[in-house]
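Q: One structure, as structure tokens, below. Some questions next.
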Amino acid sequence: MHDRTKTLFIETVGCQMNVLDSELVVGSLRRQGYELVHEPTAADVILFTTCSVREHAEEKTYSALGRLAPHKKANPDTVIGVLGCMAQKDQEEVRRRAPHVDMVVGTGQLARVPELVAEVQRTRVPQYALSLGRSDGGKQSVTASFESFDPPRDASMRPTPFQAFVRIQIGCDKFCTYCVVPTTRGPEQSRHPDHLLAECRQLANEGCKEVTLIGQTVNSYAFDHGDGRRTRLSDLISRIHDIESIERIKFVTNFPKDMTNDLLDAVRELPKAVKYLHVPVQSGCDEVLKRMKRQYSIDSYREMLYRCRERVPGVAISSDFIVGFCGESEESFGKTMDLVREAKFKNSFIFKYSTRPGTKADDLYPDDIPEEVKKRRNNDLLQVQNANCLEDHKSRIGHTVEVLVEGPSKVGERQPPGLRQMIGRTMTDHIVVFDGHDRLVGRTLSAKVKEASPFTLFGDVKTGEIASGDLVAREAEPVRRVGLTII
Ligand code: SAM
Ligand code: SF4
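For reference, each letter of the sequence shown is one residue, going 958 to 1444 in the working numbering.
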């Protein structure tokens, strides 16, 4: 009998952790002979890597699952799987709202996906693989039930082979009152530095030039070797720095209270360390921070910003904000506006508070800020941030920056291959677009900044490879990634 190639579709919603989870799941299924397709209805196995951070992200997945119900009815052999945060948090709810789902696999059980797909195909019985809830056992057993999923990497699964995420830490123990992550991703665990070094070396051998080390509170990374030795993030970065063909090392996301001087000194001293720190503050008001249980005051956050800028001259700093958190008065919000005016973040990711069942905030505080007020505060904060971005970007006009070329911009994707609009990033994580050739992808080039918008720097690349800059500068949009929706 002719054996048809097995096909797989995956849709990813959420953060870098989820992007990496999808890359690794796809890699493990490809090793079983699956081929990736771009339409769910063309696939034997349809997977969703899900996000629970805000309600909107969950509803997106439920809508996509709902649209697939008729397809599943007509093609009962198709396997539909829900992976990741929603699976871990709401296994029963997923099957109640989408009974045609065959597999529900939590963040700490992704290694089992190939085996579970085969089991569904063999038995047609729905399969569940979940880790323990945070209060379902002792610390050791709960921790052990969340396994870091780190199989061999597959360069062809990444948007570009020269950039890769490396998970150095799983889980989170901070328990901010609004956040589901400690539930969906389990206790904080740092991976062994030797394993991380081996992974980075393998990535480098496959042509990777930029690694982004990821963790929910990446700067609290610490590995205790059990003999009195401890590897901190700064130690890990300096070991990765020794890998010759790695050119850039980034890390996200930082927790303000854990921003130590040894890390800042490493970022300053190590030329490959990207001079960019994402350190979310969430609010500019002490009372709100207290209700969020963020463990720092605005004064200590300001002190940290000062220390970052003093120790790493020229560093770019970005933040996340939640607007409309429970009890956020106009006065509290005004303090957030003041902080954004003053702090000069490179950029800010602003979210409207979304109450999450099961979190402390959902139990303790009413979600009392009306949606229109959340929207207005979101827009007001964005306006201040955009004005800061424009000022920052304009101050860079005339400067020469080193750009790692990522690929065609969205505008460039609509242009024929060859000379088109390309996008890249500087050592301070600023986005630069310029007219360039496809063969520049993956190279680091000097570009002179000639124009600026709030979102983008427009540059001229200093290279003999560009004939002339006859394309017009247009607003850049991020490079599109197959099947990925960032919320
Ligand atoms: N670990 C990171 C940290 O502490 O900053 C971020 C993790 S979280 C997935 C990313 C961002 O989502 C947070 O920084 C916060 O701004 C936002 N977020 C988390 N829970 C939220 C909620 N319930 N409603 C709205 N935004 C939320
Ligand atoms: Fe969520 Fe807070 Fe942990 Fe970040 S530090 S993942 S916001 S609980």
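Even for Gly, the Cβ is constructed at its ideal location relative to N, Cα and C.
As the structure is a prediction and not an experimental result, all values here were calculated from the model.
Return the first residue and the last residue of the alpha helix (DSSP H) that D1243 is part of.
A: 1243-1249
Q: Please name the residue, chosen from G1416, E1363, T1293, T1217, that lies closest to K1351 on a Cα-to-Cα basis.
A: G1416
Q: Pick helix, strand or coil for E1145, following the three-state DSSP scheme.
A: coil
Q: Please state the DSSP three-state secondary structure of L1190.
A: helix
Q: Can you look up H1350 in the DSSP assignment and give me helix, strand or coil?
A: helix
Q: Ordered along the chain, which non-local residues of its own chain (more than five positions away) have a Cβ less than 7 Å from that of F1122?
A: Q973, V976, L977, T1169, I1171
Q: Please state whether DSSP places E1422 in a helix, a strand or coil.
A: With a pLDDT of 45 at E1422, under the threshold of 50, the modelled position of this residue cannot be trusted; read the value that follows with caution. Reduced to three states, the DSSP call for E1422 is coil.
Q: Could you tell me the boundaries of the beta strand (DSSP E) in which R1124 lies?
A: 1120-1124
Q: Please identify the residue among S1088, T1018, R1069 whose C-alpha is closest to the C-alpha of R1058.
A: Looking at the sequence shown, residue 1058 is not Arg but Val. Nearest C-alpha to V1058: T1018.
Q: Work out the CA separation of T1117 and I1423 for me, nearest whole Å.
A: Residue placement at I1423 is flagged as unreliable, the pLDDT there being 48, under the threshold of 50; a coordinate-derived value is accordingly withheld.
Q: Looking at the strands, I want to know which residues DSSP matches up with K1309.
A: Under DSSP, K1309 takes part in a beta bridge, and its partners are V1280.
Q: E1370 lies in the beta strand (DSSP E); which residues open and close that run?
A: Looking at the DSSP string, E1370 is not in any beta strand (DSSP E); the run it does join, the alpha helix (DSSP H), is 1367-1370.
Q: What three-state label does DSSP hand L1227 in the structure shown?
A: coil
Q: Going by DSSP, what residue range makes up the beta strand (DSSP E) through R1377?
A: 1376-1382
Q: What's the C-alpha gap between G1393 and C1165?
A: Roughly 21 Å separates the two Cα atoms.
Q: Residues in its own chain within less than 8 Å of K1303 by CB, not counting five upstream and five downstream?
A: Contacts found: Y1233, A1273, I1274, S1275, C1346, D1349, T1385, D1386, H1387.
Q: Check whether the Cβ atoms of L1089 and V1099 sit closer than 7 Å, and answer yes or no.
A: yes
Q: Are the region 1308-1322 and the region 1254-1267 touching by the rule of at least three beta carbon pairs closer than 8 Å?
A: The region 1308-1322, when compared against the region 1254-1267, does not touch it at the 8 Å Cβ threshold.
Q: I need the straight-line Cα distance from P1144 to G1065, nearest angstrom please.
A: Straight-line spacing of the CA atoms in P1144 and G1065 works out to 10 Å.
Q: Closer than 6 Å to a non-hydrogen atom of ligand 2 - does that hold for the CB of C1008?
A: No, Cβ of C1008 sits at least 6 Å from all heavy atoms of ligand 2.
Q: For K1030, count neighbouring Cβ atoms within 10 angstroms of its own Cβ and tell me buried if that reaches 16, exposed if not.
A: exposed
Q: Grab me the residues of R1110's own chain with a C-beta within less than 8 Å of its C-beta, minus the 5 sequence neighbours each way, in chain order.
A: E980, L981, G984, A1121, E1156, Q1159, L1160, E1163
Q: First and last residue of the alpha helix (DSSP H) that includes R1298?
A: 1287-1300
Q: Could you give the first and the last residue of the continuous alpha helix (DSSP H) run that contains T1007?
A: Boundaries for T1007: no alpha helix (DSSP H) harbours it, while the beta strand (DSSP E) harbouring it runs 1002-1007, taken from the DSSP string.
Q: In chain order, which alpha helix (DSSP H) runs of at least 4 residues are fully inside the region 1177-1222?
A: 1190-1198
Q: Under 6 Å: does the beta carbon of D1192 sit that close to some heavy atom of ligand 1?
A: no
Q: Span of the alpha helix (DSSP H) holding Q1159?
A: 1150-1162
Q: Could you check which residue in D1320, T998, G971, V1036 has the C-alpha nearest to that of H1013?
A: G971
Q: Does the region 1235-1254 come within contact of the region 1287-1301, defined as at least 3 CB pairs closer than 8 Å?
A: yes
Q: Assign T1413 to one of two classes, buried (16 or more other C-beta atoms within 10 Å of its C-beta) or exposed (fewer than that).
A: T1413 sits buried, since 16 or more C-beta atoms from the chains shown fall within 10 Å of its C-beta.
Q: Check whether the Cβ atoms of S1105 and K1046 sit closer than 7 Å, and answer yes or no.
A: No; because the gap between Cβ atoms is not below 7 Å, this pair is not in contact.
Q: From what residue to what residue does the alpha helix (DSSP H) around G1023 run?
A: 1012-1031
Q: Of all the alpha helix (DSSP H) runs that stay within the bounds of the region 1045-1071, which reach a length of 4 or more residues?
A: Counting only runs of 4 or more, we get 1048-1054.
Q: Does the distance from the CB of V1452 to the CB of L1402 come in under 7 Å?
A: Only positions 958 to 1444 of the chain appear in this structure, which leaves residue 1452 out of reach.
Q: Decide if the region 1022-1039 is in contact with the region 982-1002; the criterion is three or more beta carbon pairs, one per stretch, under 8 Å apart.
A: yes
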